[in-house]
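Novice:
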Amino acid sequence: MNLRKLDDEHYPAFSTGQAAELLGVEQPFLRSLDNAGVVSPQRSSGGHRRYSRHQLGLAGRLRELFDEGHTLASAQRILSLETELDQARQEIAQLKQDLAQRQGDNGSG
Numbered sequence: 001m002n003l004r005k006l007d008d009e010h011y012p013a014f015s016t017g018q019a020a021e022l023l024g025v026e027q028p029f030l031r032s033l034d035n036a037g038v039v040s041p042q043r044s045s046g047g048h049r050r051y052s053r054h055q056l057g058l059a060g061r062l063r064e065l066f067d068e069g070h071t072l073a074s075a076q077r078i079l080s081l082e083t084e085l086d087q088a089r090q091e092i093a094q095l096k097q098d099l100a101q102r103q104g105d106n107g108s109g
C-alpha cells in the first residue's frame, strides 16, 4: 500500500469495524449515518464501506451532537454552519495575509 495515501484526509482507509472502534461507537450507528445520506463512505470492490479520516471527523461530531440531544436535522444544520464558519475564517486569514504582504510591498519602495 502507498502510505502517502494515508496523508489524504479523504482516502477511504478504514473499514466499518475500524471506524467504529476509533470513534467508540457501534457499527450500526455508522450504517445509520450512511443510510440517512449524512456520511456516505466509499465502497470497496467487495461492497464494504470504507471511511476516510474526514468522514470519521464528521461521524464523531455527529455523535457528540446526538449525545447533546440534537436531532439529525439540527445536527446536520450545525455541521453546515460550522463548515461555513471555518471557511469564512480561512478566507479572513488569507485576506489578512494578502493585506500584510501588500502593505509590506508598498513600504519597501
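For the sequence shown, full-length UniProt numbering gives the first residue as 1, with consecutive numbering after it. Even for Gly, the Cβ is constructed at its ideal location relative to N, Cα and C.
Give a yes or no on whether the C-beta atoms belonging to L23 and A75 are separated by under 8 Å.
Specialist: no
Novice: Go to R49, then tell me how far its beta strand (DSSP E) extends in each direction, as first and last residue.
Specialist: 49-51
Novice: Thinking just about the alpha-carbon of each residue, which of Q90, N106, L62 is nearest to the one in S32?
Specialist: L62
Novice: Quick check on the DSSP output: the alpha helix (DSSP H) that includes P12 runs from which residue to which?
Specialist: Run containing P12: none; DSSP gives neither H nor E here.
Novice: Have a look at S15 and G104 and give me their C-alpha separation to the nearest angstrom.
Specialist: 50 Å
Novice: With a threshold of 8 Å on Cβ separation, who are the neighbours of Y11 within its own chain once the five nearest residues in sequence on each side are excluded?
Specialist: K5, S52, R53
Novice: Anyone know if the C-beta pair for R50 and D34 falls short of 8 Å?
Specialist: No. Outside cutoff.
Novice: Which ranges would you report for the alpha helix (DSSP H) in the region 8-90 if only whole runs of at least 4 residues count?
Specialist: Fully enclosed alpha helix (DSSP H) runs of 4 or longer: 16-23, 27-35, 53-67.
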